[in-house]
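Numbering (the numbering used here), first residue to last: 1464 to 1771.
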Amino acid sequence: MGRYVVRRLGQLVVVVLGATMILFACLFVLPGDPVGQIAGSDKARDPDVIAQLHKQYGLDDPLIVQYGNYVGKLVQGDLGQDYTQSRPVSEILGPKLANTAKLATAAIVLDIIIGISVGVLAAMRRYSIWDVSATFVTTLAIGVPSIVLGMIMQRVFVIELGWFPLIADDSFNSIVLPALTLAIIDAALVAQLARSTMLEVLGADYVKTAVAKGLPRRTVLTRHILRNSVIPVITYLGISFGGLLGGAIITETIFNWNGIGLALIQAIQQNNNPVIVGVVTISVAVFVVLNLVVDLLYAALDPRIRLA
């Protein structure tokens, strides 16, 4: 197990380096001068000032040198210097990452509660009105883009009804709509996955044997059915959580949520490359670590699985 964890952490380094290298190459070939575009004052547009900024941020160096400098700082925990505020990127992204993690955690909790409850209910009452309704609603939810869902929610619950604040703050009400927007589509997918895996487990021989032995219905459900049917759901939720961190861009923009998704949009508009690379580096690292956690959890739930 220890060797497996070490090997996966080694893969994390390779994946982060590969992703940042590709991103660096893409930003390098993009047209335009990031320093020239972010410098708004007449003084900053002076050629001597522009040249000084290029030297300060190492923008005149070849791509491989810039990337080498970035990696050298990254191993020391330094994500570089922001162009617009002249502050460390880690200092800017730290609070925003915490906000995005809070939003993603709220969304994943809703995924688990709504998705697994609906999936279990539909499977236990197969072909009933509950099952048909759950299939219809979840299919409809999966088909609605999150941007459309978010805009509808904002229009109805914020503008028309005034139940939630227009500008996000630290209150509980601020997180409800963004979390629901993030959660609904994933909860629908979790519900359909939970339903299909439960139906598969319900027909297994060991479940039929447990019922034939006269075990209480609750024992059969919790010990034999839920435990085995929840494994694929956990795998999906682990991947989904990483996706929520990186994919909260639309939701954070709609609801003005001060997370890394909104920071990424602003950085792209300003050609603020250090922040763009910082967000991607953090997102990739979090995604790989979460996949490792899911694999370990997977093995803990099913002892037949051995990680080597």
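Cβ coordinates follow ideal geometry from the N, Cα and C atoms, glycine included.
Quick caveat, the model's predicted, so the values are computed rather than measured.
Just to check my reading of the structure: I1648 and V1670 have Cβ atoms closer than 8 Å, yes? What is that Cβ distance to the nearest angstrom?
Rounded, the Cβ-Cβ distance is 31 Å, inconsistent with contact.
Hey, could you find the ends of the alpha helix (DSSP H) Y1669 is sitting in?
In the DSSP assignment, Y1669 falls within the unbroken alpha helix (DSSP H) covering D1668 to A1675.
For D1523, does the count of other Cβ atoms within 10 angstroms reach 16, so buried, or fall short, so exposed?
Counting Cβ neighbours within 10 Å, D1523 comes out exposed, since fewer than 16 surround it.
Just to confirm, is the Cβ distance from L1645 to L1566 under 8 Å?
Cβ atoms of L1645 and L1566: closer than 8 Å.
For the alpha helix (DSSP H) that contains P1641, what are its first and last residues?
F1635 to L1665 is the extent of the alpha helix (DSSP H) around P1641.
Which class does P1737 belong to by DSSP, given the choice of helix, strand or coil?
The three-state reading of DSSP puts P1737 in helix, counting H, G and I together.
Classify D1545 as buried or exposed, calling it buried when 16 or more other Cβ atoms lie within 10 Å of its own Cβ.
Counting of Cβ neighbours within 10 angstroms places D1545 among the buried residues, the total reaching 16 or more.
Put P1679 into one of helix, strand or coil per three-state DSSP.
Coil.
If we call anything under 8 Å between Cβ atoms a contact, is Y1533 one with V1740?
Here Y1533 is near V1740, since their CB atoms are less than 8 Å apart.
Burial state of G1722, where buried means 16 or more other Cβ atoms lie within 10 Å
In the assembly as shown, G1722 is a buried residue. Its beta-carbon has 16 or more other beta-carbons within 10 Å.
Three-way DSSP call (helix, strand, coil) for P1510 in this model:
It is helical.
Indicate whether R1680 and G1582 have their beta-carbon atoms separated by less than 8 Å.
Taking the C-beta atoms as reference points, G1582 is found no nearer than 8 Å to R1680.
What separation, rounded to the nearest whole angstrom, lies between the Cα atoms of P1608 and A1569?
Straight-line Cα distance between these residues: approximately 20 Å.
Which residues bound the alpha helix (DSSP H) around D1594?
Here the alpha helix (DSSP H) through D1594 covers I1592 to G1606.
Looking at the strands, I want to know which residues DSSP matches up with P1551.
P1551 is bridged by DSSP to Q1544.
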